[in-house]
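K.L.:
Here you go, one structure.
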Amino acid sequence: MCGIAGLIHRGKSSNVGSELQGMLQALKHRGEDSTGYALYGDTDGKNFIMRFKVGENVGEGSSSIVEDVSVYDERKKIVDQYLSELGAKIIKEERVLPYSLRYEIVYETKDLLKFSQKIESIPGVEILSMGKSLEVIKDLGNAKMVCDRYDLDKVVGTHAIGHARMATESGVDIKSAHPFWGYPFSDVSVVHNGQLTNYWNNRRLLENKGMRFMSECDSELIAVYIAQKMREGASLEEGMKASLTGLDGVFTYFVATIDSLGMAKDTMAAKPLVLYESDDLVAMGSEEIAIRSILPQEIDTYDPFDGEVKVWQI
132 MCGIAGLIHR GKSSNVGSEL QGMLQALKHR GEDSTGYALY GDTDGKNFIM
182 RFKVGENVGE GSSSIVEDVS VYDERKKIVD QYLSELGAKI IKEERVLPYS
232 LRYEIVYETK DLLKFSQKIE SIPGVEILSM GKSLEVIKDL GNAKMVCDRY
282 DLDKVVGTHA IGHARMATES GVDIKSAHPF WGYPFSDVSV VHNGQLTNYW
332 NNRRLLENKG MRFMSECDSE LIAVYIAQKM REGASLEEGM KASLTGLDGV
382 FTYFVATIDS LGMAKDTMAA KPLVLYESDD LVAMGSEEIA IRSILPQEID
432 TYDPFDGEVK VWQI
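Each position in the sequence shown, counted from 1, maps to that position plus 131 in my numbering.
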């Protein structure tokens, strides 16, 4: 199952946190194990926003091991130390939950690969996103639960993608939840509905090229695959088109950057997608009910072609 949703406002901002929450909550019947948001908020674009976790939420159905909060405190101290060693300055920090933190940092270098490797060398620490606009928030539970937990309904921005998950081939935990950050690129995120049958072959090839995987969820492969294509000089759209032949299986996925939103469907098109497009808004989801949650008036929607890639700019 699983459900994905995304929207992009062209030429304006809107309350994307609340809008995406409505879209994903409309899809909760497709999975409530976890829900994730990738929100592109209105910022001044000067500082990096780092969302990271120092542990796992332990909820019903979770396979995570319960850890004492003092362990989270120790990991946070090491993160702060490593940021200082990397030359990053913390401007603002927020501990949203014992295991979940949000930092605004000044970091001059563009080498996020070295940066991420240093921070994630701390056991139990994972960067969920790095960006000047992007913030990835994901946790156990349905869309409303996660939205309320992280106070996301007040987020104003231009675009967003999200995922309602039914865990089928990997654990019920935050690290296996979508969206996935397009490591090591800032402001790149991916959500996916489907199944990839050449996951392990591609994963080994990408790991040999220095790319990292934080879970055994096959959907993470798409984020890493596109990131590697971009490292090799491909544009976002070129990387997405390459995925139509480079990835095997059935899939529909969305990918977002700081100024764009894209979708791709494999040639078999077994996974559903409904799309609405106007001059100032594009909205799409696994079912029309997601679009209707933000556009209750009479609208025309359509199903993209098999094997299609499309990219929209803000």
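C-beta atoms are modelled at their ideal positions from N, C-alpha and C, and glycine is treated no differently.
#1: What did DSSP end up calling Asp390 once you bin it into helix, strand or coil?
#2: With distance defined between alpha-carbon atoms, name the residue in Ala400, Pro427, Asp397 and Asp390 nearest to Tyr407.
#3: Taking the beta carbon of Glu191 as the centre, do at least 16 other beta carbons fall within 10 Å, making it buried, or is it exposed?
#4: Assign Asn333 to one of two classes, buried (16 or more other C-beta atoms within 10 Å of its C-beta) or exposed (fewer than that).
#5: If I follow the unbroken alpha helix (DSSP H) through Asp204, where does it start and stop?
#6: In angstroms, rounded to a whole number, what distance separates the CA positions of Arg362 and Leu244?
#7: Do you know offhand how far Val442's Cα is from Val200's?
#8: Only counting runs of 3 or more residues, tell me where the beta strand (DSSP E) segments fall wholly within the stretch 340-399, in order along the chain.
#9: So, with DSSP's three-state summary, where would you put Gly153?
#10: Flag this pair as yes or no: are the beta carbons of Lys402 and Val381 separated by less than 7 Å?
#11: For Gly153 versus Ile425, is the C-beta distance shorter than 7 Å?
#12: At which residues does the beta strand (DSSP E) containing Gln248 begin and terminate?
#13: Using a threshold of 7 Å, state whether the C-beta atoms of Val267 and Ala169 are closer than that.
#14: Among all the DSSP beta bridges, which residues are the ones paired with Arg233?
#15: Is the stretch 383-400 touching the stretch 254-268, taking contact as three or more C-beta pairs under 8 Å?
#16: Once DSSP output is grouped into helix, strand and coil, what is the label at Ser281?
#17: By a C-beta neighbour count over all protein chains shown, 10 Å radius and 16 as the cutoff for buried, is Trp331 buried or exposed?
#18: What would DSSP say about Tyr238, mapped onto helix, strand or coil?
#19: DSSP three-state call for His160: helix, strand or coil?
#20: Just to confirm, is the Cβ distance from Leu138 to Ala414 under 7 Å?
#21: Using alpha carbons as the reference points, say which of Glu163, Ile292, Gly162 and His309 lies closest to Glu347.
#22: Report yes or no: do three or more beta-carbon pairs, one from the stretch 277-297 and one from the stretch 159-168, lie closer than 8 Å?
#23: Tell me, which residues are paired with Leu412 by DSSP?
#24: Can you tell me whether Gly416 is buried or exposed? The criterion is at least 16 other CB atoms within 10 Å of its CB, across all chains shown.
#25: Kindly indicate which three-state DSSP category Lys441 falls into: helix, strand or coil?
P.N.:
Answer, in terms of the structure:
#1: Counting from 1 along the sequence shown, the entry for residue 390 is found at position 259. Three-state result, Asp390: coil.
#2: By one-based count along the sequence shown, residue 407 stands at place 276. Of the candidates Ala400, Pro427, Asp397 and Asp390, the one whose C-alpha sits nearest the C-alpha of Tyr407 is Pro427.
#3: Counting from one through the sequence shown, the residue named residue 191 turns up at place 60. Low confidence applies to Glu191: its pLDDT is 49, below 50, so where it sits in the model is not reliable enough to give any reading.
#4: Translated into the one-based positions of the sequence shown, residue 333 becomes position 202. The residue in question, Asn333, is buried, as its Cβ has 16 or more Cβ neighbours within 10 Å.
#5: The count along the sequence shown starts at 1 and reaches residue 204 at position 73. Looking at the DSSP string, the run of the alpha helix (DSSP H) that includes Asp204 is Val200 to Leu217.
#6: Within the sequence shown, the letter at position 231 stands for residue 362. Within the sequence shown, the letter at position 113 stands for residue 244. So the alpha carbons of these two residues sit roughly 11 Å apart.
#7: As a position in the sequence shown, residue 442 is number 311, starting the count at 1. As a position in the sequence shown, residue 200 is number 69, starting the count at 1. Straight-line Cα distance between these residues: approximately 43 Å.
#8: 380-388 and 391-396
#9: Within the sequence shown, residue 153 is the residue found at index 22, counting from 1. In this structure, Gly153 counts as helix in the three-state DSSP scheme.
#10: Taking the sequence shown and counting its residues from 1, one reaches residue 402 at position 271. Taking the sequence shown and counting its residues from 1, one reaches residue 381 at position 250. Cβ distance < 7 Å, so Lys402 and Val381 count as in contact.
#11: For this step, residue 153 is matched to residue 22 along the sequence shown. For this step, residue 425 is matched to residue 294 along the sequence shown. Yes, the pair counts as a contact, with Cβ atoms nearer than the cut-off.
#12: Position 117 of the sequence shown, counting from 1, holds the residue named residue 248. It is not in any beta strand (DSSP E) - Gln248 instead sits in the alpha helix (DSSP H) that spans Leu243 to Ile250.
#13: Within the sequence shown, numbered from 1, the residue matching residue 267 stands at position 136. Within the sequence shown, numbered from 1, the residue matching residue 169 stands at position 38. Taking 7 Å as the Cβ cut-off, Val267 and Ala169 qualify as a contacting pair.
#14: Counting from 1 along the sequence shown, the entry for residue 233 is found at position 102. Beta-bridge pairing links Arg233 to Arg182 and Glu225.
#15: yes
#16: Within the sequence shown, residue 281 is the residue found at index 150, counting from 1. Reading off the sequence shown, one finds Tyr at residue 281, where the question assumed Ser. Correct three-state label for Tyr281: helix.
#17: One-based indexing of the sequence shown puts residue 331 at position 200. With fewer than 16 other Cβ atoms within 10 Å, it is exposed.
#18: As a working mapping, residue 238 is identified with position 107 in the sequence shown. In the structure shown, Tyr238 sits in coil (DSSP, three-state: anything other than H, G, I, E or B).
#19: Counted from its first residue, the sequence shown places residue 160 at position 29. Residue state, collapsed to three classes: helix.
#20: Residue 138 sits at position 7 when you count from the first residue of the sequence shown. Residue 414 sits at position 283 when you count from the first residue of the sequence shown. Yes, these two residues count as a Cβ contact at 7 Å.
#21: Here the question's residue 347 lines up with position 216 in the sequence shown. Out of Glu163, Ile292, Gly162 and His309, His309 has the C-alpha closest to the C-alpha of Glu347.
#22: yes
#23: Locating residue 412 in the sequence shown gives position 281, where the first residue counts as 1. Answer is His140.
#24: Translated into positions along the sequence shown, residue 416 becomes position 285. By the 10 Å Cβ count, Gly416 comes out buried.
#25: Locating residue 441 in the sequence shown gives position 310, counting from the first residue. Of the three classes helix, strand and coil, the one that applies to Lys441 here is strand, per DSSP.
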